[in-house]
Structures are given as C-alpha cells and as structure tokens.
Amino acid sequence: MNNRLEREAEYVDYFVHLTSVTETLCGHAEGVANKLCEEVMKVTKGNAIIVMNSPQLNLQTTLLRCDPISVRFPVRFRGIVYGEMYIKASPHHPSYPSLPLPIAHALAQTCGLILHTLEVSALTLNRNQGNKGLHGAITKRQREVLVLMMHGYDQDAIAEALSISRATVSKHRQNIYQELGVHNEKDALLVAYQAGIVSPIEDISAND
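Position one of the sequence shown corresponds to residue 1 (UniProt numbering), numbered consecutively onward.
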C-alpha cells in the first residue's frame, strides 16, 4: 500500500515539477524546447523521452538506442504535432511500459500544452518590448471599453453596458487608438493584450 502511494505521489510530482518549469521558461525563446525535454527526462528518471519533430531540437534521439521502448505518444496541441514521447520498457517487466499508460498519455498531452504555451509566451514577449509603458496611459473607463471590445461588444452594446452615449463610446475608442498608437479595433485589442491591459479570458463582471 505504501509503495503504491509513493508511486502515485511521484507521478503527481511530474506535473507539479513541469508546471514550475513552465513558469520559469515563459517569456524566453532560446532553448526552451530542449530544456523541457531535459526536465521530462529528469523528473521521470529517464523513463520518458521527447523527440521533437524539428531536426535542430532532436538532442534526445541517441538516447532511444540505449534501452528498449515500450510505447510512444504524440506530443501535440490541437493540430500541431511537436514530436513524440517515448516510454521505456520496465526493467523488471520488459513487456510493460515503465510508466502506467494513463500517466504517460497525460504527460505527453501536458507537454504539448506546455510547448504551445511557451510558443505563445515567446511571441507575446517579442511583440511586447515597445508596449511596456502603455498600461498607465489608459484610463479606467477606457479599459472598461477595451474589455467589452475584447468580448465582441459593438458600439451600441458598449453604450448600453456602460450607460453612456454612442458618441461617448466613439470618443473613448478614438482616444484608445491614439494612446495605443493604432488605427483600428483589431490592432488596439492586440496591443492592449500584449501590454497586459486586458485579457480575452477576463470576466466582464470584473468591471462592475
């Protein structure tokens, strides 16, 4: 019983560790995929190996020749396949994988999500270098308008939600464009998101 609990705790640690690694790597671009692969090997004690599709990232390929592989899972997020996760065979029971299949599958899925998150984080960081001072330029009311715009509200809906006139909404929008240095709604929302002013997953009720 104790051995089983220890194994389950170890599996939980896989995901806790990778969550911590993701927080550390977010905002960086150089070497993040290789770092994730290294951390997966480290936390699983070499039982799980990720081989990336990109030849430049395949630092783990030679490791596959050392021990027999039991099973593999795609490392992907939606339609993007980043590579494959190989699970080594158990040294004690060679016909079985060294990790339980549900854990191995969840680990591969988690790594796909992490790689997607790191991609988005790197792109946002690169585009955000010139937007750091924008947060203080937007007033509270302008931010409220931006949040509603982010959720697809048109001019009439914004006016109704904030109990202001359409003309006032139009004035706020023009001031927002001017402060953000853009000329249309699409660019305004993108720059506002990159500057950390609004988020597409922010609850509208937070404005109340």
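Beta carbons are placed, not taken as given, at the ideal position from N, Cα and C, and that holds for glycine. Just so it is clear, the structure is predicted and the values come from calculations on it, not from any experiment.
Under the rule that 16 or more other beta-carbon atoms within 10 Å means buried, what is residue i, buried or exposed?
i: residue 140; result: exposed
i: residue 7; result: exposed
i: residue 10; result: exposed
i: residue 5; result: exposed
i: residue 43; result: buried
i: residue 165; result: exposed
i: residue 14; result: buried
May I ask you to report which of helix, strand or coil DSSP gives residue i?
i: residue 83; result: strand
i: residue 74; result: strand
i: residue 45; result: coil
i: residue 50; result: strand
i: residue 200; result: coil
i: residue 37; result: helix
i: residue 28; result: coil
Compute every distance between the C-beta of residue i and the non-hydrogen atoms of the ligand GDP, then say whether any falls below 7 angstroms.
i: residue 181; result: As presented, the structure is devoid of all ligands, the ligand GDP included, so that no description of it is given.
Per DSSP, what are the beta-bridge partners of residue i in this structure?
i: residue 69; result: 88
i: residue 97; result: 89
(request) Taking 8 angstroms as the threshold, find out whether the segment 93-110 comes into contact with the segment 34-53 through three or more Cβ pairs. (result) yes
(message) Threshold first: 4 residues or longer. Then list the alpha helix (DSSP H) segments lying entirely within the UniProt domain "HTH luxR-type" (131-196), N to C.
(response) 140-150, 155-162, 166-180 and 185-194
(message) Using 8 angstroms as the cut-off, can you tell me whether the segment 187-194 makes contact with the segment 152-160, which would need three or more C-beta pairs spanning the two stretches below that distance?
(response) no
(message) For the structure I just gave you, are there three or more beta carbon pairs, one from the segment 85-93 and one from the segment 65-77, closer than 8 angstroms?
(response) yes
(request) May I ask you to verify whether the segment 19-32 touches the segment 111-125, counting CB pairs closer than 8 angstroms and requiring at least 3? (result) yes
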